[in-house]
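A.B. asks:
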């Protein structure tokens, strides 16, 4: 290609890699991959397709150790098992599998994350001894390590060293060092770096804008912070919760609450959800008192919005104070106000406080509705609450019944749950598919598969509109009870009901085929999964890998391991542990 005046790109290399692997030349493909990587990420560094192609080829040719070495180090480092990852590196070297920059960067990142400075230095020396020089990724890792340790001077020396060695800094390099300067308040150094960044043609991203706003705000330079805030918009970046939070926090600390409130209102109008910084800065009582002083009278809906956000942030007690404030300033809380706060207490497990609110609600003349009770029922399932709904002339709807039913099944009260759903049917209540799914799942979990199967068949005979969750519940139960033929028949019948299998359905069926040792059939069904447009998720792939490794089918597991890497999923801890034991 160079003879014709054109340089090969990564697609060209990947085509050659695939050709070599298809001809059982995975070792030659590995050499080519290392050649691409050893180029320092310059003209044509390998991409994820390059690695996946070679990994698959190595597995097919039986080179399991080499295939593992391409991705197991990264997985171990992410699982904070850096010592074990380095053990794999030493095995690579012992087996003449040449590590590259990516391998060393994984280990350096692992040691940096665990704050092991001596190990970082040692790894850099070892990297150099094996003929590899730090690249921009390596330098960014070291910059981040120094900055987070408060050593911005050392970080700047590293940055200057990059320039001297012709390692071009990227936007991550600049944002890392800028954040370090912002944290220690070194604004003059920050300005100089920003000028250098602009001179090198790198535009600030969202993260960098927020760093600058934070730095100016922290230093009390609110006008400069506001200027950057406006400049952010001019360059096409909309301020987010972090941007607003930094501005509002700075304004409040300077006593400029009126301006902070304007920013808060602007934030709400732009549908930017306030974060914890905003609510910490704008103390609720001060905020609303100032609004009243300016002739702004917040209504119940406004208070409810703020309470809802506080509860979502886990600040239920502050939301409770806000409810008290509403009463003091003459804004009458409604049923929604109490329900929001009840939900906040339930989420935090404060059931006594939630129950007290129900009593307070009645005491002030508000009649609890079905939503109020459902909120509490989701917190815990108690028959007293359900009877109370009836005594207060609140007719439970299907949602209320279903919530209680689900709570009874989950709490192990099987007989009570069964009595309830039988009464629901006898009373002529029209059950929806969601309720039936809860009943079927509850029966199956309590080893009443035959009874569940009869209900399922009854629904089919009545042409009841089932969904794929219904089939998944029954297929799972049938497989676990050893009724594989019934499960297969049910899987086949899905299309007859106008439905298609989802990732859970395929996962159940493939897992069973692997369990039965039908590996080719499981592989074919996995291909059918992808061809049907149903994308495998991380849970499914990790589970299949573990199932195959347990059976000792390492070659087959490799296919799914490479798929995990290709889709940029993470190895789950249990998968990583099993890989270590096998390796």
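Residue numbers (full-length UniProt numbering): 1 to 583. Virtual Cβ for every residue (Gly too), placed ideally from N, Cα, C. No experiment lies behind these values; they were computed from the predicted model shown.
Are the beta-carbon atoms belonging to residue 182 and residue 222 less than 8 Å from one another?
C.D. replies: Position 182 of the chain shown, counted from the first residue, corresponds to residue 182. Position 222 of the chain shown, counted from the first residue, corresponds to residue 222. The criterion of a C-beta distance shorter than 8 Å is not satisfied by residue 182 and residue 222.
A.B. asks: Assuming residue 492 and residue 542 form a contact by the criterion Cβ under 8 Å, report the distance between their Cβ atoms to the nearest whole angstrom.
C.D. replies: The sequence position of residue 492 within the chain shown is 492, counting from 1. The sequence position of residue 542 within the chain shown is 542, counting from 1. Between residue 542 and residue 492 the Cβ distance is about 27 Å, and since that is not below 8 Å, they are no contact.
A.B. asks: Below 7 Å CB to CB, which residues in the same chain sit around residue 259 once its five sequence neighbours on both sides are set aside?
C.D. replies: Residue 259 sits at position 259 when you count from the first residue of the chain shown. Apart from sequence neighbours up to five positions away, the residues of its chain that approach residue 259 with a beta-carbon distance below 7 Å are 251, ordered along the chain.
A.B. asks: Buried or exposed, going by whether 16 or more other CB atoms sit within 10 Å of the CB of residue 6?
C.D. replies: Along the chain shown, one-based indexing puts residue 6 at 6. For residue 6, the predicted model reports a pLDDT of 47, less than 50, meaning its position is unreliable; a value from the coordinates is still stated below. Exposed, because fewer than 16 other Cβ atoms sit within 10 Å of the Cβ of residue 6.
A.B. asks: In or out: residue 195 buried (at least 16 other Cβ within 10 Å) or exposed?
C.D. replies: Position 195 of the chain shown, counting from 1, holds the residue named residue 195. Its Cβ having fewer than 16 others within 10 Å, residue 195 is exposed.
A.B. asks: Check whether the stretch 503 to 511 and the stretch 528 to 543 are in contact - that is, three or more C-beta pairs closer than 8 Å.
C.D. replies: yes
A.B. asks: Taking only three categories from DSSP, how would you classify residue 419?
C.D. replies: Walking along the chain shown from the start, residue 419 turns up at place 419. The answer is helix: DSSP assigns residue 419 an H, G or I state.
A.B. asks: Assign residue 476 to one of two classes, buried (16 or more other C-beta atoms within 10 Å of its C-beta) or exposed (fewer than that).
C.D. replies: Position 476 of the chain shown holds residue 476. Counting Cβ neighbours within 10 Å, residue 476 comes out buried, since at least 16 surround it.
A.B. asks: Measuring straight from C-alpha to C-alpha, what distance separates residue 581 and residue 30?
C.D. replies: Counting from one through the chain shown, the residue named residue 581 turns up at place 581. Counting from one through the chain shown, the residue named residue 30 turns up at place 30. Each residue's alpha carbon lies about 25 Å from the other.
A.B. asks: Give the DSSP-derived three-state secondary structure of residue 535 in the structure shown.
C.D. replies: Numbered from its first residue, the chain shown carries residue 535 at position 535. Three-state DSSP puts residue 535 in coil, outside helix and strand.
A.B. asks: Going by DSSP, what residue range makes up the alpha helix (DSSP H) through residue 445?
C.D. replies: By one-based count along the chain shown, residue 445 stands at place 445. First-last of the alpha helix (DSSP H) with residue 445: 433 to 445.
A.B. asks: In angstroms with no decimal places, state the Cα-to-Cα distance between residue 335 and residue 107.
C.D. replies: Your numbering for residue 335 matches position 335 in the chain shown. Your numbering for residue 107 matches position 107 in the chain shown. Near 56 Å, if we compare the C-alpha coordinates of residue 107 and residue 335.
A.B. asks: Quick one: Cα of residue 122 to Cα of residue 86, how far?
C.D. replies: Reading the chain shown from its first residue, position 122 is the one you call residue 122. Reading the chain shown from its first residue, position 86 is the one you call residue 86. Each residue's Cα considered, the two are about 12 Å apart.
A.B. asks: Please state whether the Cβ-Cβ distance between residue 207 and residue 238 is less than 8 Å.
C.D. replies: For the purposes of this step, residue 207 is taken as residue 207 along the chain shown, with counting starting at 1. For the purposes of this step, residue 238 is taken as residue 238 along the chain shown, with counting starting at 1. With respect to residue 238, residue 207 sits apart: the two C-beta atoms are not nearer than 8 Å.
A.B. asks: Excluding the five sequence neighbours on either side, which residues of its own chain have a C-beta within less than 8 Å of the C-beta of residue 256, listed in chain order?
C.D. replies: For the purposes of this step, residue 256 is taken as the residue at position 256 of the chain shown. Closer than 8 Å at Cβ, skipping near neighbours: 222.
A.B. asks: Since residue 179 is in the alpha helix (DSSP H), which residue starts that stretch and which ends it?
C.D. replies: Here residue 179 corresponds to residue number 179 of the chain shown, with the count starting at 1. First-last of the alpha helix (DSSP H) with residue 179: 171 to 184.
A.B. asks: Mapping the DSSP letters down to three states, classify residue 331 as helix, strand or coil.
C.D. replies: For this step, residue 331 is matched to residue 331 along the chain shown. Coil, per DSSP.
A.B. asks: Answer with buried or exposed for residue 254, where buried requires no fewer than 16 other C-beta atoms within 10 angstroms of its C-beta.
C.D. replies: Along the chain shown, one-based indexing puts residue 254 at 254. Looking at its Cβ environment, which holds fewer than 16 other Cβ atoms inside 10 Å, residue 254 is exposed.
A.B. asks: What three-state label does DSSP hand residue 205 in the structure shown?
C.D. replies: Residue mapping note: residue 205 aligns to position 205 of the chain shown, counting from 1. Reduced to three states, the DSSP call for residue 205 is coil.
A.B. asks: Which of helix, strand or coil does DSSP assign to residue 240?
C.D. replies: Translated into positions along the chain shown, residue 240 becomes position 240. If DSSP states are grouped into helix, strand and coil, residue 240 belongs with coil.
A.B. asks: Can you grab the Cα-Cα spacing for the pair residue 9 / residue 318, in whole Å?
C.D. replies: Taking the chain shown and counting its residues from 1, one reaches residue 9 at position 9. Taking the chain shown and counting its residues from 1, one reaches residue 318 at position 318. Each residue's Cα considered, the two are about 58 Å apart.
A.B. asks: Ordered along the chain, which non-local residues of its own chain (more than five positions away) have a Cβ less than 8 Å from that of residue 126?
C.D. replies: As a first step, residue 126 is located in the chain shown; it is residue number 126 there, counting from the start. Cβ neighbours of residue 126 beyond the five flanking positions: 104.
A.B. asks: Quick one, which of 511, 453, 272, 11 has its alpha-carbon nearest residue 242's?
C.D. replies: In the chain shown, the residue the question calls residue 242 occupies position 242. Among 511, 453, 272, 11, the Cα nearest to that of residue 242 belongs to 272.
A.B. asks: Work out the CA separation of residue 143 and residue 134 for me, nearest whole Å.
C.D. replies: Numbered from its first residue, the chain shown carries residue 134 at position 134. Numbered from its first residue, the chain shown carries residue 143 at position 143. Going from the Cα of residue 134 to the Cα of residue 143 covers about 12 Å.
A.B. asks: Going by C-alpha to C-alpha distance, which of 450, 431, 467 sits closest to residue 479?
C.D. replies: Within the chain shown, numbered from 1, the residue matching residue 479 stands at position 479. With respect to the C-alpha of residue 479, the residue from 450, 431, 467 having the closest C-alpha is 450.
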